[in-house]
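**Student:** Take a look at this one; I'll ask things after.
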């Protein structure tokens with residue numbers, strides 16, 4: 345209610361002091377008002393009843409503000425907005441809200457008509473009422489007081505609602521003419537105004553383009569089916585067109601299904617006699633191509649759900665035939681019960697398609713969640729993706745793979761069993777990785793580290809078994825990237841565990857307590873509480889003595905064998921000095 349009043353206040357402020365407007369000065373942003381109101385009041389979630397209630401409340405407030413009352417509480421007196429009243433654009437807004445209220449009621453009845461077909465008559469009545477109000481708005485806008493832009497928007501709005509009426513009546517030619525008129529006006533407006541307004545006009549053009557193509561196809565233009573298929577890939581044709589487009593595609597495939605009689609799978613050719621199975625198998629390649637070319641994740645998810653729904657319906661039809669076949673076998677006494685029948689093998693093939701599609705869909709969702717998980721959280725109050733969400737997706741994938749290995753007719757196909765086993769190992773590795781990440785978030789370091797080691801074990805086992813099954817790995821996630829990511833996460837985990845002083849947890853294999861300093865086991869990780877304490881055991885001090893080589897001793901052994909030359913001629917001969925000289929020599933006086 346508060347938001348309703350705020351919107352009315354905006355309109356009041358915009359149209360203040362417009363009672364004495366010159367010719368061509370009265371304007372109303374018809375498409376902008378419609379889009380903003382629809383997005384804020386229910387249509388973002390497809391809640392037409394909520395939007396209809398908003399339109400009713402806004403009409404009541406506008407009438408009260410303008411003094412445009414329909415009698416009193418005892419008696420109703422109808423009044424119409426005339427050209428003479430156009431002193432304020434809120435009179436135009438009054439007629440616009442009446443048209444929107446009738447249109448939203450028609451769309452609400454369309455949703456309910458899926459289960460209650462009688463409501464279709466009321467739907468058509470309300471659509472005609474909305475078109476009548478839009479025509480009234482267009483006539484009011486023909487007044488010279490209204491500007492040219494508002495006149496064009498009113499004409500486009502009237503053409504749109506008229507086209508909707510003719511579309512529901514399956515008057516394809518009249519509906520196509522109305523939609524083309526609406527498209528032309530909005531394209532001209534988009535080229536004439538600013539980019540902000542042009543975006544709104546182009547969005548409206550994109551909304552009505554599937555309706556135009558559908559009308560062209562029903563008129564007889566066979567080329568329009570290709571355009572409709574392309575719009576389906578880009579997410580176009582939503583709302584009113586969604587069911588009609590799916591029915592049209594099914595009808596086109598049914599015409600082609602008459603030429604299909606058998607299907608080959610894993611070396612065995614199986615006849616296909618059920619029409620529903622023919623239609624599904626014929627469109628399987630188109631559905632897979634559509635999923636591969638999907639413009640965004642939302643469109644891809646919608647296509648996956650559509651394919652799974654068709655597959656379930658086809659499997660149910662085959663099951664009904666299997667029941668009939670089982671009854672016939674019970675009546676016949678000479679039936680061959682050892683070999684899997686063609687119908688049972690077809691059932692296994694369809695189940696295989698369903699389970700593989702489930703695996704691909706969950707893997708696509710897992711990739712999207714992984715990308716969001718790596719992004720920083722913009723809003724702390726809003727809950728973002730968590731590793732537990734990914735664990736659940738990989739649980740579903742593993743459950744689907746377990747069902748694949750039990751399909752009837754494939755128990756003795758060793759190549760198939762090896763492929764399923766290899767895929768199971770890959771997805772087990774990814775599941776184990778995200779379980780480890782969930783333990784990291786709660787600071788359970790030892791459990792996370794053990795799980796990371798388990799991931800590496802699975803990955804190495806995959807690499808060893810993948811040499812003989814190279815073709816089976818082309819659609820699987822890259823295990824080498826997972827190994828690199830696990831190694832990086834292990835180092836981050838070890839660092840976080842050391843810095844976490846509140847709780848130091850040791851790995852079971854590394855509980856050996858010794859006084860070895862850090863410098864002696866740099867290559868081995870170990871949780872050591874003393875490293876973050878006041879006396880960390882980094883090195884041993886004083887260090888132990890270590891043997892070193894001593895200075896070598898040199899012995900001159902060659903000297904004993906060297907013959908020196910005679911030096912007699914060099915030495916001076918001393919003469920005899922007598923007794924005096926002898927005595928001096930004895931006592932050292934002569935030296």
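Residue numbers (my numbering): 345 to 935.
Cβ atoms here follow ideal geometry from the backbone N, Cα and C, with glycine treated the same way.
Remember, it's a predicted structure, so these values are computed and weren't measured experimentally.
#1: Between the C-alpha atoms of residue 822 and residue 512, what's the straight-line distance to the nearest angstrom?
#2: Assuming residue 784 is part of the alpha helix (DSSP H), what are its boundary residues?
#3: Return yes when the Cβ of residue 694 is within less than 7 angstroms of the Cβ of residue 668, no when it is not.
#4: Measure the C-alpha to C-alpha separation of residue 656 and residue 621 and round it to an integer number of angstroms.
#5: Compare the beta carbon distance of residue 792 and residue 784 with 7 angstroms and say whether it is the shorter of the two.
#6: Out of 864, 796, 861, 839, state which residue places its alpha-carbon closest to the alpha-carbon of residue 831.
#7: With distances taken between CB atoms, is the gap from residue 341 to residue 699 smaller than 7 angstroms?
#8: Under 8 angstroms by Cβ, that's how I've got residue 497 and residue 375 pegged, so tell me the actual separation to the nearest angstrom.
#9: Counting only the same chain and skipping the five closest in sequence on each side, list residues whose C-beta sits under 6 angstroms from that of residue 429.
#10: Starting from residue 799, trace the alpha helix (DSSP H) both ways and give me its first and last residue.
#11: Rounded to whole angstroms, what is the Cα-Cα separation between residue 526 and residue 532?
#12: Under the three-state reduction of DSSP, which class applies to residue 612: helix, strand or coil?
#13: Rounded to whole angstroms, what's the CA-CA distance from residue 494 to residue 396? Just pull it up for me.
#14: May I ask which residues mark the beginning and end of the alpha helix (DSSP H) holding residue 881?
#15: Specify, as a first and last residue, the run of the alpha helix (DSSP H) that residue 864 falls within.
#16: Can you tell me which of 755, 662, 464, 868 puts its alpha carbon nearest to the alpha carbon of residue 624?
#17: Measure the beta-carbon distance from residue 953 to residue 451 and round it to whole angstroms, keeping in mind my assumption that it falls under 8 angstroms.
#18: Taking buried to mean at least 16 other C-beta atoms within 10 Å of its own C-beta, is residue 915 buried or exposed?
#19: Flag this pair as yes or no: are the beta carbons of residue 754 and residue 760 separated by less than 7 angstroms?
#20: Whose CA, out of 756, 895, 829, 617, lies closest to the CA of residue 714?
#21: Could you tell me which residues DSSP pairs with residue 607 in its beta bridges?
#22: Below 7 angstroms between beta carbons: does that hold for residue 810 and residue 827?
#23: Tell me which same chain residues have a C-beta within less than 7 angstroms of the C-beta of residue 478, skipping the five on either side of it?
#24: Is it true that the CB of residue 468 sits closer than 7 angstroms to the CB of residue 508?
#25: Would residue 692 and residue 752 qualify as a contact pair, given that the criterion is a beta-carbon distance under 7 angstroms?
#26: Can you give me the Cβ contacts of residue 615 inside the same chain, cut-off strictly under 7 angstroms, excluding the 5 residues immediately before and after it?
#27: Which two residues bound the contiguous alpha helix (DSSP H) that contains residue 495?
#28: Can you tell me whether residue 563 is buried or exposed, with buried defined as 16 or more other CB within 10 angstroms of its CB?
#29: Quick check on this structure: which residue in 486, 405, 398 has the alpha carbon closest to the alpha carbon of residue 446?
#30: Take residue 363 and list the residues in its own chain whose beta-carbon comes closer than 8 angstroms to its own, dropping the five residues that flank it on each side.
#31: Give me the residue from 378, 788, 553 with the minimum Cα distance to residue 520.
#32: Using only the alpha-carbon positions, how far apart do residue 499 and residue 518 sit?
#33: In chain order, what residues of the same chain lie with their CB nearer than 6 angstroms to the CB of residue 530, ignoring the 5 residues before and after it?
#34: Can you tell me whether residue 465 is helix, strand or coil according to DSSP?
#35: Roughly how many angstroms separate the alpha carbons of residue 805 and residue 771, rounded to a whole number?
#36: Locate the alpha helix (DSSP H) running through residue 426, then write down its first and last residues.
**Tutor:** According to the structure data:
#1: When rounded, the distance between both Cα atoms is 50 angstroms.
#2: In the DSSP assignment, residue 784 falls within the unbroken alpha helix (DSSP H) covering 758-785.
#3: For residue 668 and residue 694, no; Cβs fall outside 7 angstroms.
#4: Rounded to the nearest angstrom, the two C-alpha atoms are 11 angstroms apart.
#5: Contact check for residue 792 against residue 784 passes: the beta carbons are separated by less than 7 angstroms.
#6: The shortest C-alpha separation from residue 831 is found at 796.
#7: Since the displayed the chain opens at 345 and closes at 935, residue 341 lies outside it and no answer follows.
#8: With a Cβ gap of about 6 angstroms, residue 497 and residue 375 count as contacting.
#9: Cβ contact annotation for residue 429 (same chain, cutoff 6 angstroms, sequence separation greater than five): 435, in chain order.
#10: In the DSSP annotation of this structure, the continuous segment of the alpha helix (DSSP H) that includes residue 799 starts and ends at 789-809.
#11: Distance between the alpha carbons of residue 526 and residue 532 is about 10 angstroms.
#12: The answer is strand: DSSP assigns residue 612 an E or B state.
#13: Taking the Cα positions, residue 494 is about 24 angstroms away from residue 396.
#14: Per DSSP, residue 881 belongs to no alpha helix (DSSP H) and is neither H nor E.
#15: For residue 864, there is no enclosing alpha helix (DSSP H), as DSSP gives it neither H nor E.
#16: Nearest C-alpha to residue 624: 662.
#17: Since the displayed the chain opens at 345 and closes at 935, residue 953 lies outside it and no answer follows.
#18: So residue 915 counts as exposed.
#19: A contact, by the Cβ cut-off of 7 angstroms.
#20: Here the closest residue by C-alpha is 829.
#21: 614.
#22: Result no, Cβ atoms of residue 810 and residue 827 do not sit closer than 7 angstroms.
#23: Result list for residue 478: 443, 501, 502, 505, in chain order.
#24: No; because the gap between Cβ atoms is not below 7 angstroms, this pair is not in contact.
#25: Closer than 7 angstroms, so yes.
#26: By the criterion of a C-beta distance shorter than 7 angstroms, residue 615 is surrounded in its chain by 605, 606, 686, once the five residues flanking it on both sides are discounted.
#27: Per DSSP, residue 495 belongs to the alpha helix (DSSP H) from 492-512.
#28: Around the beta carbon of residue 563, fewer than 16 other beta carbons lie within 10 angstroms, which makes this residue exposed.
#29: Between residue 446 and the set 486, 405, 398, the nearest pair of CA atoms involves 398.
#30: The predicted position of residue 363 is uncertain, since its pLDDT is 39 and thus under 50; a value taken from the coordinates is nonetheless stated next. Same-chain partners within the cutoff: 431, 432.
#31: With respect to the C-alpha of residue 520, the residue from 378, 788, 553 having the closest C-alpha is 553.
#32: The alpha-carbon atoms of residue 499 and residue 518 are separated by roughly 16 angstroms.
#33: Result list for residue 530: 500, 545, 548, 549, in chain order.
#34: It is helical.
#35: Taking the straight line joining both Cα atoms gives about 12 angstroms.
#36: Here residue 426 belongs to no alpha helix (DSSP H), and DSSP marks it neither H nor E.
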